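Input: a single structure, listed below in structure tokens.
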Amino acid sequence: NAGVMQNPRHLVRRRGQEARLRCSPMKGHSHVYWYRQLPEEGLKFMVYLQKENIIDESGMPKERFSAEFPKEGPSILRIQQVVRGDSAAYFCASSRPSTYEQFFGPGTRLTVL
Amino acid sequence: AQTVTQSQPEMSVQEAETVTLSCTYDTSESNYYLFWYKQPPSRQMILVIRQEAYKQQNATENRFSVNFQKAAKSFSLKISDSQLGDTAMYFCAFMNPGGSEKLVFGKGTKLTVNP
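Chains as they are written, first to last, in the working numbering: chain A, 1362 to 1474; chain B, 23 to 137.
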């Protein structure tokens, strides 16, 4: 059973460009979470999604950031008009309903030049 | 809002010895979950151990065990017979299952196991 997949693993963008990060949950997992890790920091929650629904986006910046988890295909975290402060590692995790155990992907390291 | 505090930014231990990492948390909830995650240099987040607050018995996983003190809101991780592969960042995390199931992480403890 493959683990949580994230791509790309590394992404370089110039200021003002768009970044799209993809996450494929483990088979049978319908819950997806996105976290951000700044250098020398712990992970910070951004958004929690179930298929076609955003359950909690309280950790996501109000502007430029959006997330989706369509009925088919991976979850996407989209950052528009990136700025240097968006440089971080973005982790996706998935879980089965009501198991309260999240499995993490390897992360995408975003660098904004 | 829940908070998680790890007061030891860095620790070191000799191979084969025992080390304890501290974690305290703040919540008004009575039912919740606590976790320790390991992040080695590869940056992959690996679940080490999990504790359910309504269970009084401390969780154990091979060389890893916790000391869960609910009244004190303390959740420490003990690593026995430390191995070089245990070198990593260790994060304590809290989850309220009645909320959005998001994990709230501490800032981490960098553990180095010396040969």
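The beta carbon of each residue, even a glycine, is placed where N, CA and C say it ideally should be. These numbers were taken from a predicted model, which means no experiment stands behind them.
| Asked | Found |
| --- | --- |
| The stretch 1441-1466 of chain A: positions lying closer than 7 Å to chain B by Cβ | 1450, 1452, 1461, 1462, 1463 and 1465 |
| Under 7 Å (Cβ pairs) to chain B, residues found in the stretch 1395-1415 of chain A | 1402, 1403, 1404, 1406 and 1409 |
| Check whether residue 55 of chain B and residue 73 of chain B have beta carbons under 9 Å apart | yes |
| C-beta atoms of residue 37 of chain B and residue 136 of chain B nearer than 9 Å | yes |
| Among B/102, B/66 and B/107, the one whose alpha carbon lies nearest that of residue 43 of chain B | B/102 |
| Beta-carbon gap between residue 1454 of chain A and residue 1408 of chain A smaller than 9 Å | no |
| For residue 106 of chain B, three-class secondary structure by DSSP | helix |
| Cutoff 9 Å: residue 1392 of chain A Cβ touching any chain B Cβ | yes |
| Within chain B, the residues that residue 1468 of chain A reaches when beta carbons sit closer than 7 Å | 65 |
| Residues near residue 1381 of chain A by beta carbon distance below 7 Å, same chain, minus five either side | 1437 and 1439 |
| Length of the line joining the Cα atoms of residue 1462 of chain A and residue 1456 of chain A | 6 Å |
| Continuous beta strand (DSSP E) assignments of at least 3 residues falling wholly in the stretch 30-116 of chain B | 32-36, 41-43, 46-48, 55-61, 68-74, 86-91 and 96-101 |
| Within 9 Å, strictly: CB atoms of residue 133 of chain B and residue 111 of chain B | yes |
| At least 3 beta-carbon pairs within less than 8 Å: the stretch 79-92 of chain B vs the stretch 54-71 of chain B | yes |
| Same chain, Cβ closer than 7 Å to residue 130 of chain B, five either side skipped, listed in chain order | 28, 111, 112 and 113 |
| Coarse secondary structure for residue 1445 of chain A, derived from DSSP in three states | helix |
| Cross-chain neighbours of residue 127 of chain B in chain A, by beta carbon under 7 Å | 1403 and 1404 |
| Rounded straight-line distance, which links the Cα of residue 1415 of chain A to that of residue 1376 of chain A | 27 Å |
| Cβ of residue 1377 of chain A within 9 Å of any chain B Cβ | no |
| CA nearest to the CA of residue 1423 of chain A, picked from A/1441, A/1431 and A/1433 | A/1441 |
| Residue 133 of chain B at chain A interface by Cβ criterion, 9 Å | no |
| Interface positions of the stretch 28-48 of chain B facing chain A (Cβ-Cβ less than 7 Å), listed along the chain | none |
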